[in-house]
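Residue numbers (my numbering), protein chains in the order written: chain A, 12 to 510; chain B, 327 to 819. Note that CB positions come from ideal geometry on N, CA and C, so glycine has one too. A quick note: this is a predicted structure, and the numbers were derived from the prediction, not measured.
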């Protein structure tokens, strides 16, 4: 039995135990902690240099269906290890910060979402990569509809919108995956196994690759809130309970990007490079960065602003995907990790403020720093990370993506390509982020304190999840090689940088 | 005991149970039901022990009766659903007694066994006359079962509707059989298939017969445009009977359709294009007309009726993917696979309805509000059933849908695949609406906790486990369809 299987099923078992009456908080903390220890152990001993093209470590495979050949196969390489690490860290922080009275449903939902994300990142069979992602659908739906913030009619509407968007998005994705599997399988056996698909040499015609890639881009893109399929995301995160928002925005949303990097990019290189696909992607991601940036600028509540900013930042990761150079793709993975940690920290702080202060309207708040120095510093970490300040993790990812788009192989001496123009425009997004983040920071924490709204630093126990996330941002930001070392070795030989 | 004699045994047992309930009314119905279940399980054991190679058939049935992997699967299917329906009847005994005329429900225990005999016989039928008689054995028994709770006006209405429309469908079916006999000079599937290769066979005559036959069978499986009866009958019939109708009756219709399409399409191309097109058109309409009205339903039973229609659409699409698909499951196997996935989730949903009814909750969506507080277990079981019916991955319902969609994509039936995606998307809404209702409701409502007996808890949890485990590990189901004996499952790989 591979340790990865334990990592996937431990949260499910813990959720079941809580449902059966085990004490909620100790059980879920135990499961999250054990998972983090296992993943950290794997990361510590991970040596990616021995892995060839499409090879994974800690593999284990159990056939569940003969033909179409589906097996419950798990495995790990640099990219999935980084995302599994992110999942483990954010899960621990998310379940730690749950303070509700009847907390069992919150713990169960968080654990199930976490298990879904772990399963999706660690499976190496297309069927289970897809299937595990959907595990989160019902918990997310119920948590937003029943325990979300705001009035009941509104949160139900948000829950429906989210579920239908994600459901239809996954059906589009399923159609794309089915087309991919059917087109890639020569002969009688239809295989869902990622390893054998990656090692396959026979080529699929460019036109077929293009439309399958585009279908996958729309399907995965909807799950990542790619503009113009993004409108579910911001209300969902603003409405969802804090732990669900942390896990969904921080971890689960990365699934769509992971799928594009893991499945679409390496298997359909001709589709990714086709000019019309490339241009469509560039336009959509500019929509994320600039349109959503301006939308974020006009939010008057902290939760709405954070939710929209999370949609906006997806644009940068898509830019890394569009560039497709090794540097830019590594930057994309780096930014996925960094964004996951920073948005989880932001939502954790936002939830704490909502509970204590009772409102998140910028106009009603001010001077919160007086009684809450620690929260002020931590919010600063989250805000500066999100802007992309050097020394915090997001900067490393963003600079790699931007530099990656100006790779010598992509540059022509005469003129800039549409990709490079997109980068130049996207850089303005950094300015927009700086404006709204710093403005929010100033309004909330500094200036004159409004009467009636006080924020206090949490007790020692509740500091742990916040400090954990901030520490991760700082460590990875100052020493990105901690993570890059894991990717480097895995991708050096991979098809991914197939320029 | 051979398979054939176990069928005779079940019919005799069914009649005996009815007689016993009449002459010895003191014997509790529950006891009779468990005797029936024991008989069914004994037959199932003898079926699992046997194999298709077993040829000890009496000479007088051999021309009409055959055994292959499909017939074995469908026989097992009939036995499993009959046992589960008898269990559902014991679960809702109180409700049934309340609404029956004389407080006696003995026939309700005996008749399912006779239906089961009919369904098992259909699975082995080699010619259209045998199909017809066995199908009538099933249908006539259902006329009684549907109208059994006669104190309820809805049940009576359902009985009348089912009787009149069912009789009309039977007429159409016989008429179609007559035309096919006129065109091909044969009533056996092999004979019809052989005569298609004969150039002198009249295509027009044959097609007319086929259309009539498909219409008659379309009624049985709830395929559009012959689905109008389904919502009313499903709503009016007692919940266990509805479950039986939804799963058992549908399966019987589809084994006949599978054999018919096999004999009409695979061996020759005389009428294959027309038959495939008829199936595809019907599949597309069925999916849409099943899932869109489901959005507006307020009764869970009616919702499940429309859901049953929409599932029939997926089955028809599978059937239209004629010949072999590129994966191991041929079109007929995909149909069987889909039915295999459909059984546990549907029975589970009806179990929850039966128990809710017993505890004074009705079938409307509002009546299920806050069920999670009365019984977390029931709410979880219903959640699993609904997630699976919606086709959420890691449940068995997803695999069935995925197989059908892949077969459709492989054949390039894009239009119908599009309808299927639309239907599945609508499904997310109406199944999730049930889930949301289960868990919502404010704390002010008083809801007395619902207690389940240990046995029913165990069976229900096993069903839910089957939904999830088969959703993750479908290999045994595939093996059961392709005919590998049970013993081979554990030894291979």
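query, result
"Tell me whether residue 504 of chain A sits in a helix, a strand or coil according to DSSP, three-state version.", "Low confidence applies to residue 504 of chain A: its pLDDT is 42, below 50, so where it sits in the model is not reliable enough to give any reading."
"Sorted by chain position, which residues of the same chain lie with C-beta nearer than 6 angstroms to residue 399 of chain A's C-beta, five sequence neighbours on each side aside?", "405, 406, 409 and 441"
"Quick check: what's the CA-CA separation for residue 373 of chain A versus residue 311 of chain A?", "6 angstroms"
"Are the C-beta of residue 469 of chain B and some C-beta of chain A separated by less than 7 angstroms?", "no"
"May I ask you to verify whether the region 340-355 of chain A touches the region 418-430 of chain A, counting CB pairs closer than 8 angstroms and requiring at least 3?", "no"
"Using three-state DSSP, classify residue 693 of chain B as helix, strand or coil.", "helix"
"If we count Cβ pairs, one from each stretch, closer than 8 angstroms, do we get three or more for the region 363-379 of chain A versus the region 115-132 of chain A?", "no"
"Apart from the five residues on each side of it in sequence, which residues of its chain come closer than 6 angstroms, Cβ to Cβ, to residue 765 of chain B?", "698"
"Round the Cβ separation of residue 638 of chain B and residue 612 of chain B to the nearest angstrom and send it over; I've been treating them as touching at under 8 angstroms.", "5 angstroms"
"Whole-angstrom Cβ separation of residue 467 of chain B and residue 437 of chain B, contact assumed at under 8 angstroms?", "5 angstroms"
"Taking Cβ positions only, does residue 800 of chain B come closer than 7 angstroms to chain A?", "yes"
"Could you give the first and the last residue of the continuous alpha helix (DSSP H) run that contains residue 407 of chain B?", "395-417"
"Please confirm if residue 503 of chain A has its CB atom under 7 angstroms from at least one CB of chain B.", "Interpretation of residue 503 of chain A is limited by its pLDDT of 45, a score under 50 that renders its predicted location unreliable; the figure taken from the coordinates is listed afterwards. No, its Cβ sits nowhere closer than 7 angstroms to a Cβ of chain B."
"Can you tell me the Cα-Cα spacing of residue 805 of chain B and residue 797 of chain B, whole angstroms?", "14 angstroms"
"Here's the rule: buried if 16 or more other CB atoms are within 10 angstroms of the residue's CB, otherwise exposed. What is residue 150 of chain A?", "buried"
"Give me the Cβ distance between residue 302 of chain A and residue 319 of chain A, rounded to the nearest whole Å; I'm assuming they're in contact under 8 angstroms.", "Not confirmed; about 10 angstroms, so no contact."
"Anything in chain A within Cβ reach of residue 755 of chain B, meaning under 7 angstroms, just list it in chain order.", "175"
"If we count Cβ pairs, one from each stretch, closer than 8 angstroms, do we get three or more for the region 639-646 of chain B versus the region 693-711 of chain B?", "no"
"To the nearest angstrom, report how far apart residue 718 of chain B and residue 143 of chain A are at their CA atoms.", "10 angstroms"
"List, in chain order, every chain A residue whose beta-carbon is nearer than 7 angstroms to that of residue 736 of chain B.", "193"
"Determine whether the beta carbon atoms of residue 335 of chain A and residue 296 of chain A lie at a separation below 7 angstroms.", "no"
"Among residues of its own chain, excluding the 5 on either side of residue 54 of chain A, which ones have a beta-carbon nearer than 7 angstroms to its beta-carbon?", "92, 96 and 497"
"Do we get a CB-CB distance below 7 angstroms when we pair residue 436 of chain A with the residues of chain B?", "no"
"Going by DSSP in three states, residue 391 of chain B sits in which element: helix, strand or coil?", "strand"
"Mind checking whether residue 275 of chain A and residue 208 of chain A have CB atoms under 7 angstroms apart?", "no"
"Is the number of C-beta pairs between the region 557-573 of chain B and the region 521-528 of chain B that are closer than 8 angstroms three or more?", "no"
"Taking only the alpha-carbon atoms, compute the straight-line gap between residue 98 of chain A and residue 673 of chain B and give it to the nearest angstrom.", "37 angstroms"
"What did DSSP end up calling residue 68 of chain A once you bin it into helix, strand or coil?", "strand"
"Find the residues of chain B that neighbour residue 141 of chain A, judging by a C-beta separation of less than 8 angstroms, and give them in chain order.", "719"
"Take every Cβ of the region 381-397 of chain B, pair it with every Cβ of the region 452-460 of chain B, and state whether three or more of those distances are shorter than 8 angstroms.", "yes"
"By how many angstroms is the C-alpha of residue 606 of chain B removed from the C-alpha of residue 248 of chain A?", "42 angstroms"
"Consider the Cβ of residue 506 of chain A: report whether some Cβ of chain B lies at a distance smaller than 7 angstroms.", "Annotation note: pLDDT 44 at residue 506 of chain A (below 50); position unreliable, coordinate value reported separately. Closer than 7 angstroms: no."
"Distance, Cα to Cα, residue 250 of chain A vs residue 166 of chain A?", "6 angstroms"
"If you measure between the beta carbons of residue 146 of chain A and residue 39 of chain A, is that distance less than 7 angstroms?", "no"
"Under the three-state reduction of DSSP, which class applies to residue 85 of chain A: helix, strand or coil?", "strand"
"So residue 59 of chain A and residue 70 of chain A are in contact, right, with Cβ under 8 angstroms, and what is the actual spacing, rounded?", "Going by Cβ atoms, the distance from residue 59 of chain A to residue 70 of chain A rounds to 14 angstroms, so no, they are not a contact pair."
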